[in-house]
Amino acid sequence: MNFINNFFKISERHSTVKHEIIGGTTTFLTMAYIIFINPAILSESGMDKGALITVTIISSAIGTLISALLANAPFALAPGMGLNAFFTYSLVIGRGIPWQTALGIVFLSGVFFFFLSIGGIREKIANAIPLCLKVSVTGGIGLFIAFIGLKTLGIVSSNPSTIIGLAKFNSQILIGVIGLFIAIILEIKKVKGGILIGIISSTVIGLFTGDTIMPNSVMSMPPSIAPIAFKLDILGALKLSLLGPAFSFMFVDLFDSLGTLIACSKEIGLADKKGKVKDLGKMLYSDVSSTMIGAVLGTSTVTTLSETAAGIAAGARTGLASVVTASLFIVSLFFTPLVSIVPSFATSPALIIVGVYMFKNIYELDWKDYKTLFPSFVTILMMPLTYSISTGLAFGFISYIVIHAGTGDFKKLNPTLIFIGILSVVSLVV
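Quick note on our numbering: the sequence shown kicks off at 52 and runs consecutively.
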C-alpha cells in the first residue's frame with residue numbers, strides 16, 4: 052500500500068485510495084456510454100460493429116492507463132465524440148474516403164500532433180494562453196457539460212420555434228432528477244462518492260419502474276478486432292488533398308485536449324496561480340500516443356474526455372483513479388451486457404453537477420476589464436452553442452487578439468499567442 056501511495060503521490064495530493072477508487076469508478080460510469088455510442092457512429096462508415104465495441108474498450112483502457120502511468124493524472128481517454136462523427140459523416144460518407152484511409156488520416160494527425168512537441172511547442176502554446184481564457188475555458192466546459200447532461204437526460208430537446216426548449220417529462224427524466232438531487236445533497240453534505248451514489252440510486256429505481264432494462268446475460272466473450280485492427284491505410288492518406296482533414300483532426304484534438312486538461316488540472320491543484328499546468332507535456336504525450344494506437348487498432352481519435360471531470364468531482368486526484376477506470380474498461384470486455392444496465396438517465400445528472408463545479412471558477416475573471424471579459428464571455432458562450440470545446444476556444448483566442456490589437460495593447464500579445472490565433476482561424480475555416 053505504501054508503494055501505491057508513494058508512486059501515485061496520493062497523500063501529497065491530499066487524497067486516499069478510497070477516494071481514488073470512487074473517482075475512477077465514477078469516471079468510468081459517466082463515460083461508459085462511449086462503449087455503445089462510438090461503435091454506433093463508426094459502424095455507419097462500413098466498419099464491423101462488433102469489432103468496434105471491443106476496440107473502443109481496448110483503446111480507452113490503453114489510453115487511460117498511459118495517462119495514469121506516464122502523467123500520474125486522473126484523466127480518462129477514449130474515442131472523442133464529434134471527432135468520430137467527423138470521421139464517419141464528413142470523410143467516409145461525405146467525401147467517399149474508405150474507412151481504412153480515414154484511419155490513416157487519424158494516425159497522421161497524431162504524428163503531426165507529436166511533432167508539435169519539438170522544442171516544447173505544445174507547452175508554449177498552453178502557457179501562452181492568457182489566464183482569463185484559461186478560467187473561461189473551465190467555465191465554458193462546465194456549461195457545455197451541464198448542457199450535455201440536460202440534453203442526454205431529456206430535460207431539454209430541440210424545438211423548431213426556439214431551437215431548444217423544455218421537453219415533456221416522463222418517468223426516466225423524473226428518476227434522473229431524483230438521482231440528481233440525491234447526488235447534489237450528498238455533495239453539499241461532503242459525502243464522498245455522492246455522485247456515484249446518485250448514479251447507482253437512479254439505476255436501482257429504474258429497475259423497479261421498468262426503465263432500467265435487465266440484460267439477457269451477464270457475461271459474454273468480446274467480439275474479435277480482426278475485421279478492423281491494423282487495417283489503416285497510411286500511404287493512401289498521404290495525399291495533398293487529405294492534408295486538410297488530417298490537420299483538422301489535429302487542431303480539434305489539440306484544442307479539445309488543452310481545454311479539458313487545463314480545466315481539470317486546475318480542479319485538482321496541478322495549475323499554479325498563473326494557470327501553468329504541471330506535467331502538461333506528459334499529459335499531452337498520453338493524448339497523442341493514444342490517438343496513434345487507437346488508429347492502429349481501428350478507431351477515430353482517442354482523446355482526453357471532459358467526463359473526466361466527473362471523477363475529479365467525486366474525489367480523483369492521481370493516476371490511481373485512471374488505473375481503476377482502465378481496469379473497469381478491461382473488465383467490461385467480458386461484462387458488456389452488465390455495463391449496459393446503467394442507463395443514460397442515471398449518468399446524465401453527474402454531468403450537470405460537474406458543470407456546476409467547473410462553472411463556479413468564473414468568479415476569478417476581472418469583471419471590470421472588457422478587454423479580457425469579452426473574449427472570456429465569447430469562449431464560455433460558444434462552447435455549448437456550437438457543441439464544441441475547440442470552437443469556443445478558437446473564438447476566444449481570435450477575439451482576445453483582435454481586441455488587444457485594436458486597442459493598441461500589444462504588450463499582451465506574443466508570437467505564440469498570435470500563432471494560436473492563426474491556427475484558430477484555420478481550424479474554423481477548414
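Every residue gets a Cβ at the ideal spot worked out from N, C-alpha and C, and that includes glycine.
When you compare each of F396, S357, P296 and G155 to T254 by their alpha carbons, which one comes out closest? Looking at the Cα atoms, F396 is the closest of the given residues.
Cβ neighbour criterion (16 or more within 10 Å) applied to W150: With 16 or more Cβ atoms within 10 Å of its Cβ, W150 is classed as buried.
How is P130 classed by DSSP in three states: helix, strand or coil? Strand at P130.
Just how far apart, CA to CA, sit M334 and A367? 16 Å
As assigned by DSSP and simplified to three states, the class of G101: helix
Beta-carbon separation of G406 and F220 under 9 Å? no
When you compare the segment 62 to 81 with the segment 359 to 377, are there three or more beta-carbon pairs, one atom per stretch, that lie closer than 8 Å? yes
Which full runs of the alpha helix (DSSP H) of 4+ residues lie inside the segment 268 to 352, going along the chain? 285 to 288, 294 to 318 and 331 to 348
The segment 247 to 265 contacting the segment 117 to 137, beta-carbon criterion three pairs below 8 Å: no
What are the partner residues of S373, as DSSP defines its beta bridges? The partner list for S373 (beta bridge, DSSP) is empty, contrary to what the question assumes.
Name the one or two DSSP bridge partners that S208 has. G216
Keeping to the same chain, check which residues put their C-beta closer than 6 Å to that of V242; ignore five residues upstream and five downstream. none
Measuring straight from C-alpha to C-alpha, what distance separates G362 and S373? 9 Å
Counted within 10 angstroms of its Cβ, other Cβ atoms place D304 as buried (16 or more) or exposed: buried
Please name the residue in I452, G249, S351 and A401 whose C-alpha comes closest to that of A91. Looking at the Cα atoms, S351 is the closest of the given residues.
Would you identify the three-state DSSP class for T355, choosing helix, strand or coil? Strand.
With a Cβ-Cβ cutoff of 9 Å, do T387 and I85 count as a contact? no
9 Å Cβ cutoff met for I449 and S187: no
Mind pulling the alpha helix (DSSP H) runs of 4 or more residues that sit fully within the segment 377 to 444? Scanning the segment 377 to 444 from its first residue to its last, the whole alpha helix (DSSP H) runs of 4-plus residues come out as 387 to 390, 395 to 410 and 421 to 437.
Does the count of Cβ pairs from the segment 331 to 349 and the segment 217 to 232 closer than 8 Å reach three? no
Enumerate, from N- to C-terminal direction, the unbroken beta strand (DSSP E) stretches of 3 or more residues contained entirely within the segment 134 to 209. none
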